[in-house]
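Reading through the structure tokens given below for one structure.
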Amino acid sequence: MLWGVLWAFRPVLWMVRWMWDEWVSTIFTLVVGWRRKSLLPPVFNPILLLSASELADNIRERKVSSVEVVRSYVTRISNVNPILNAVAQENFQAALLEARMVDKKLDQGLSDGSLTKDWLKKNQPFLGVPFTVKETIAVAGLPHTGGLVVRGDVVASQDAEVVNKMKKAGAILLANTNISELGMWWESDNRVYGVVSLRGCNVHFDKEWSDMQCAGPLTRHARDLMPILTVLVDLGTLQIFTMENDGNGILTTHMHSSLLAVQRAVTQHFRHTYDCTVHKGEINVWTEITRAILGRARHTIPSLAQAVLDILDREITFLKDQTKVLMGKENTAVSTSRMQMETQWKTLQMRVQRLLGDNGVLLYPSHPMLAPYHSESYFRPLNFTYAAVFNALGFPVTQVPLGLDHNGLPLGIQVVGGMYQDHLTISVAEDLEKAFGGWVCPSKIL
1 MLWGVLWAFR PVLWMVRWMW DEWVSTIFTL VVGWRRKSLL PPVFNPILLL
51 SASELADNIR ERKVSSVEVV RSYVTRISNV NPILNAVAQE NFQAALLEAR
101 MVDKKLDQGL SDGSLTKDWL KKNQPFLGVP FTVKETIAVA GLPHTGGLVV
151 RGDVVASQDA EVVNKMKKAG AILLANTNIS ELGMWWESDN RVYGVVSLRG
201 CNVHFDKEWS DMQCAGPLTR HARDLMPILT VLVDLGTLQI FTMENDGNGI
251 LTTHMHSSLL AVQRAVTQHF RHTYDCTVHK GEINVWTEIT RAILGRARHT
301 IPSLAQAVLD ILDREITFLK DQTKVLMGKE NTAVSTSRMQ METQWKTLQM
351 RVQRLLGDNG VLLYPSHPML APYHSESYFR PLNFTYAAVF NALGFPVTQV
401 PLGLDHNGLP LGIQVVGGMY QDHLTISVAE DLEKAFGGWV CPSKIL
């Protein structure tokens with residue numbers, strides 16, 4: 001009886017979800033969309049358009065000084081940060097002083113033979129190149145609040161390991177950058193530094209949450225993710241899998257047509273360029289049922305019925321547990337739900353690993369929407385699951401920019417690899433960067 005009622009109301013739930021998304025989009029467009037947009041200043045300095053690897057090469061070759069590079073970025077940050085509010089705490093003076101020391105070291109070492117370019121490339125691949133880190137990552141002497149007001153006066157006493165390794169590689173810290181509160185949301189907004197304007201690693205508690213909140217480096221160019229690619233990847237032999245949505249559940253927004261189109265363009269690229277076989281992922285149960293009614297289904301009625309029951313069971317269990325939490329029965333509900341989720345997590349992790357192995361990647365949407373307005377994400381809270389699922393499972397993921405749409409909003413997909421197969425996702429990212437243009441400067445280049 002219950003299943004019959006739920007099945008009967010499924011179209012209604014879909015309609016409610018669609019109306020909700022349309023209502024949210026309309027409200028935010030009316031309230032925020034009319035505001036005058038602030039344009040970022042144009043880019044005059046070509047140094048700002050080079051990748052970190054190219055900058056490091058030029059500094060080693062003495063085609064440009066580290067001071068010149070650092071000063072270029074200091075100037076750019078000073079020009080755009082009043083608009084973006086992306087920097088939490090700058091480190092400009094110390095960075096310029098360190099850049100002068102790097103130039104002195106290179107001039108003296110290369111002239112007297114105590115340093116060689118090959119040695120520098122291997123041992124200090126980013127010597128003299130500036131970088132930034134999130135404010136949630138500890139940098140000795142800089143604020144380390146995590147975006148929490150109660151930690152407003154906390155200053156890191158030592159560098160985090162990732163910062164220490166970057167410095168050992170010769171990189172120069174310019175600043176730490178704005179974040180969401182404790183890094184727990186998509187939008188960089190907190191009560192310490194405010195929101196990162198759209199105009200233009202976390203505080204861990206235990207191992208489980210550390211695994212689920214692991215974040216990697218952010219670069220404009222894929223080549224900077226692996227300066228020395230020690231593992232060569234033959235993309236022609238790579239197993240490519242693709243999924244275009246999360247199964248069209250009623251709790252997430254329907255996939256935007258521009259994002260769907262660019263993902264299909266990527267799959268066509270691999271088919272035509274490398275003659276790869278691209279395996280398409282999970283079926284859309286509701287489409288298949290329509291085909292079954294028309295006598296054109298590719299799957300049997302019993303299998304479709306089971307798929308429907310599985311989907312409904314997942315969604316109903318989630319809603320039941322959340323209802324118990326709201327009614328004050330959270331301890332039992334959370335305990336039961338936690339055990340079920342841990343079992344599903346382990347099962348899904350094994351299935352994905354078995355699918356991808358050591359020679360497969362999954363192409364999957366990064367998000368179902370284009371860039372939203374400020375606070376719009378609060379009204380579509382479960383859209384974050386597109387990226388969160390692989391973070392929680394612990395698989396390496398490379399987010400790949402694929403240009404801009406007709407409104408200048410960024411497009412992209414995520415490439416997921418099997419355990420410890422980061423070199424596969426990075427190699428795919430490098431290939432897609434060449435094919436689709438990769439990162440696009442948001443400002444005019446003069």
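Counting in UniProt numbering, the sequence shown runs from 1 upward without gaps.
Ideal Cβ placement from N, Cα and C applies to all residues, glycine included.
Original post:
Near residue 520, which residues of its chain fall below 6 Å by C-beta distance, leaving aside the five closest residues on each side in sequence?
Top reply: The requested residue 520 does not occur in the structure, where the chain is confined to residues 1 to 446.
Subject >> For Pro143 and Leu238, the rounded distance between their alpha carbons >> reply: Translated into the one-based positions of the sequence shown, residue 238 becomes position 238. Translated into the one-based positions of the sequence shown, residue 143 becomes position 143. Cα-Cα distance, rounded: 44 Å.
**OP:** For the region 19 to 33 and the region 62 to 78, state whether three or more C-beta atom pairs, one from each stretch, are separated by less than 8 Å.
**Re:** The region 19 to 33 vs the region 62 to 78: no contact.
**OP:** For the beta strand (DSSP E) holding residue 505, just list the boundary residues, first then last.
**Re:** Outside the displayed span of the chain (1 to 446) sits residue 505, for which this structure offers no information.
Original post:
If we call anything under 8 Å between Cβ atoms a contact, is Val43 one with Leu50?
Top reply: Looking up residue 43 in the sequence shown gives position 43. Looking up residue 50 in the sequence shown gives position 50. Cβ distance not < 8 Å, so Val43 and Leu50 don't count as in contact.
Original post:
Just curious, the beta strand (DSSP E) that Gly412 is in, first and last residue?
Top reply: Your numbering for residue 412 matches position 412 in the sequence shown. Per DSSP, Gly412 belongs to the beta strand (DSSP E) from Pro410 to Gly417.
Subject >> Contact check, Pro372 vs His256, beta carbons under 8 Å >> reply: Within the sequence shown, numbered from 1, the residue matching residue 372 stands at position 372. Within the sequence shown, numbered from 1, the residue matching residue 256 stands at position 256. In this structure, Pro372 sits away from His256, with a CB-CB distance that is not shorter than 8 Å.
Subject >> Rounded C-alpha distance that separates Ile83 from Asn391 >> reply: Here the question's residue 83 lines up with position 83 in the sequence shown. Here the question's residue 391 lines up with position 391 in the sequence shown. Rounded to whole angstroms, Ile83 to Asn391 spans 31 Å at the Cα level.
Original post:
With 16 other CB atoms within 10 Å as the buried threshold, where does Phe9 fall?
Top reply: The sequence position of residue 9 within the sequence shown is 9, counting from 1. Classification of Phe9: exposed, given that the 10 Å Cβ count is below 16.
Original post:
Taking the continuous alpha helix (DSSP H) assigned at Ile59, which residues delimit it?
Top reply: Translated into the one-based positions of the sequence shown, residue 59 becomes position 59. Where Ile59 is concerned, the enclosing alpha helix (DSSP H) stretches over Ala52 to Arg60.
Original post:
Looking at C-alpha atoms only, which residue of Phe270, Leu39, Ser366 and Gln353 is the closest neighbour of Lys444?
Top reply: Reading the sequence shown from its first residue, position 444 is the one you call residue 444. Ranked by Cα distance from Lys444, the first of Phe270, Leu39, Ser366 and Gln353 is Leu39.
Subject >> Three-state secondary structure (DSSP) of Gln124 >> reply: Taking the sequence shown and counting its residues from 1, one reaches residue 124 at position 124. Annotated three-state conformation of Gln124 is coil, per DSSP.
Original post:
Is Gln268 closer than 8 Å to Thr242 when the C-beta atoms are compared?
Top reply: By one-based count along the sequence shown, residue 242 stands at place 242. By one-based count along the sequence shown, residue 268 stands at place 268. Not a contact, by the Cβ cut-off of 8 Å.
Original post:
Counting Cβ pairs, one atom from each stretch, are 3 or more of them under 8 Å apart for the region 84 to 98 and the region 56 to 65?
Top reply: Three or more beta-carbon pairs separated by less than 8 Å are not found between the region 84 to 98 and the region 56 to 65, which leaves the two stretches without contact.
Original post:
Mind checking Gln108: buried by the 16 CB within 10 Å criterion, or exposed?
Top reply: Counting from 1 along the sequence shown, the entry for residue 108 is found at position 108. Gln108 is exposed by the Cβ-count criterion.
**OP:** Give every residue of the same chain whose Cβ lies closer than 6 Å to the Cβ of Phe379, excluding the five residues on either side of it in the sequence, and list them in chain order.
**Re:** Start at 1 with the first residue of the sequence shown, and residue 379 comes out as number 379. Once the five neighbours on either side are set aside, the close Cβ partners of Phe379 are Val24.
**OP:** Just list the alpha helix (DSSP H) runs in the UniProt domain "Amidase" (68 to 196), keeping only unbroken ones of 4 residues or longer that don't cross its boundaries, in chain order.
**Re:** At a cut-off of 4 residues, the continuous stretches assigned as alpha helix (DSSP H) that sit fully inside the UniProt domain "Amidase" (68 to 196) are 92 to 112, 117 to 123 and 161 to 168.
Subject >> Minimum C-alpha distance to Ile413 - residue among Gln340, Ile250, Leu356 and Glu244 >> reply: On the sequence shown, residue 413 is found 413 positions in, with the first residue counted as 1. Check the Cα spacing between Ile413 and each of Gln340, Ile250, Leu356 and Glu244: the tightest is with Glu244.
Subject >> Extent of the continuous beta strand (DSSP E) to which Leu404 belongs >> reply: Indexing the sequence shown from 1 puts residue 404 at position 404. Counted as a single uninterrupted DSSP element, the beta strand (DSSP E) harbouring Leu404 occupies residues Val397 to Leu404.
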